[in-house]
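Participant: Please find one structure pasted underneath; my questions will follow.
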Ligand SMILES: Nc1ncnc2c1ncn2[C@@H]1O[C@H](COP(=O)(O)OP(=O)(O)OP(=O)(O)O)[C@@H](O)[C@H]1O
């Protein structure tokens with residue numbers, strides 16, 4: 001079953017056709033990576049799914065329901081959550097306090113502490129829970145942000161370059177977190193440039209180019225596609 005579908009989705013910014021007639025299907029339960037050259041329209045596609053941009057034309061379906069014109073908070077309420085590239089954490093508050101703010105409206109007080117403890121452990125942040133979020137390493141800040149996105153128990157998690165700026169060890173640990181979330185039933189759509197990470201997590205890959213779907217398949221199929229190498233991977237691995 002498809003958890004997300006876009007049909008003939010188009011977005012124009014003035015004369016720029018940034019999303020070009022995109023028919024995209026995300027199956028419930030998969031980890032899907034979106035790759036493509038800079039300016040290919042990946043972030044715009046995310047913002048359309050989230051409702052931060054409205055499409056010029058076309059339809060977005062979430063679990064079969066038309067959400068094309070739903071407000072962002074309504075989409076979040078339906079189970080879509082996002083982690084953007086720039087961490088949106090409260091730097092002057094402790095790690096635990098950040099998670100408390102993210103979760104407090106969604107759990108009864110009696111369960112809140114237990115839920116935060118569980119999340120801290122998952123994020124490898126138990127030891128750091130009393131530190132100010134601003135003092136965390138770059139990778140830990142990204143994990144805290146992932147925690148704030150998954151605390152709401154989304155059905156669909158969107159990740160925008162989740163490993164940007166991470167060390168290889170942090171990147172690998174992030175991949176393990178994403179896989180564990182997926183085992184727990186979360187469908188994941190990630191924009192990512194790091195091909196080692198894509199190989200670690202992706203069950204399917206979509207290549208965007210000039211706002212259009214250029215290729216789709218498993219990571220092995222994508223890497224073996226000479227047309228993809230010509231527009232993207234050649235440059236990424238030069
Ligand atoms: N709000 C906007 N107004 C006008 N043009 C925009 C707007 N947002 C994005 N664009 C343009 O749309 C095109 C696609 O941008 P987008 O950020 O979606 O690409 P991307 O694939 O995410 O790129 P990157 O990998 O560099 O993040 C670019 O040419 C960009 O300049």
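In the UniProt record's numbering, the protein residues as written are 1 to 238.
C-beta atoms are modelled at their ideal positions from N, C-alpha and C, and glycine is treated no differently.
These numbers come from a predicted model, not from an experiment.
Say yes only if the C-beta of residue 44 is nearer than 7 Å to one or more non-hydrogen atoms of ligand 1, and no if none qualify.
Facilitator: Residue mapping note: residue 44 aligns to position 44 of the chain shown, counting from 1. Checking the Cβ of residue 44 against ligand 1 gives yes.
Participant: Would you call the CB atoms of residue 145 and residue 219 closer than 8 Å?
Facilitator: Along the chain shown, one-based indexing puts residue 145 at 145. Along the chain shown, one-based indexing puts residue 219 at 219. Cβ distance not < 8 Å, so residue 145 and residue 219 don't count as in contact.
Participant: For residue 278, does the count of other Cβ atoms within 10 angstroms reach 16, so buried, or fall short, so exposed?
Facilitator: Limits of the chain in this structure are 1 at one end and 238 at the other, which puts residue 278 out of reach.
Participant: Is the stretch 18-31 touching the stretch 181-193, taking contact as three or more C-beta pairs under 8 Å?
Facilitator: Taking 8 Å as the limit for Cβ pairs, the verdict is that the stretch 181-193 does touch the stretch 18-31.
Participant: Do you know how far the Cα of residue 147 is from the Cα of residue 106?
Facilitator: Counting from one through the chain shown, the residue named residue 106 turns up at place 106. Counting from one through the chain shown, the residue named residue 147 turns up at place 147. Computed Cα separation, rounded: 14 Å.
Participant: Rounded to whole angstroms, what's the CA-CA distance from residue 79 to residue 189? Just pull it up for me.
Facilitator: Position 79 of the chain shown, counted from the first residue, corresponds to residue 79. Position 189 of the chain shown, counted from the first residue, corresponds to residue 189. About 13 Å.
Participant: Just to confirm, are residue 59 and residue 53 a CB contact at a threshold of 8 Å?
Facilitator: Stepping through the chain shown from its first residue, residue 59 is reached at position 59. Stepping through the chain shown from its first residue, residue 53 is reached at position 53. Result no, Cβ atoms of residue 59 and residue 53 do not sit closer than 8 Å.
Participant: Work out the CA separation of residue 33 and residue 223 for me, nearest whole Å.
Facilitator: Working through the chain shown from its first residue, we reach residue 223 at position 223. Working through the chain shown from its first residue, we reach residue 33 at position 33. Spanning the two alpha carbons is a distance of roughly 13 Å.
Participant: Report the partner residues of residue 66 according to the DSSP bridge assignment.
Facilitator: The residue labelled residue 66 in the question sits at position 66 within the chain shown. According to DSSP, which records beta bridges pairwise, residue 66 is partnered with 61.
Participant: Judging by CA-CA distance, which residue of 124, 211 and 69 is the nearest neighbour of residue 37?
Facilitator: As a first step, residue 37 must be located in the chain shown, where it is residue number 37. Comparing Cα-Cα distances from residue 37 to each of 124, 211 and 69, the minimum goes to 211.
Participant: Note down the Cα distance separating residue 123 from residue 111, rounded to an integer number of angstroms.
Facilitator: Counted from its first residue, the chain shown places residue 123 at position 123. Counted from its first residue, the chain shown places residue 111 at position 111. Roughly 18 Å between the two C-alpha positions.
Participant: Suppose the cutoff is 7 Å on Cβ atoms and the five residues either side in sequence are ignored; what does the same chain contact list for residue 47 look like?
Facilitator: One-based indexing of the chain shown puts residue 47 at position 47. Cβ neighbours of residue 47 beyond the five flanking positions: 53.
Participant: For a quick check, are the C-beta atoms of residue 103 and residue 72 less than 8 Å apart?
Facilitator: By 1-based counting over the chain shown, the position of residue 103 is 103. By 1-based counting over the chain shown, the position of residue 72 is 72. Contact flag unset, no.
Participant: Span of the alpha helix (DSSP H) holding residue 137?
Facilitator: Position 137 of the chain shown, counted from the start, is the residue given in the question as residue 137. Neither: residue 137 is in no alpha helix (DSSP H) and is coded neither H nor E.
Participant: Rounded to the nearest angstrom, what separates residue 160 and residue 191 at their Cα positions?
Facilitator: Here residue 160 refers to the residue found at position 160 when the chain shown is read from its first residue. Here residue 191 refers to the residue found at position 191 when the chain shown is read from its first residue. Their Cα atoms are separated by approximately 5 Å.
Participant: Which one of 109, 172, 77 and 133 has the shortest CA to CA distance from residue 150?
Facilitator: Counting from 1 along the chain shown, the entry for residue 150 is found at position 150. Out of 109, 172, 77 and 133, 77 has the C-alpha closest to the C-alpha of residue 150.
Participant: Taking the alpha-carbon positions, what's the residue 129 to residue 9 distance?
Facilitator: As a first step, residue 129 must be located in the chain shown, where it is residue number 129. As a first step, residue 9 must be located in the chain shown, where it is residue number 9. Between residue 129 and residue 9, the C-alpha separation is close to 42 Å.
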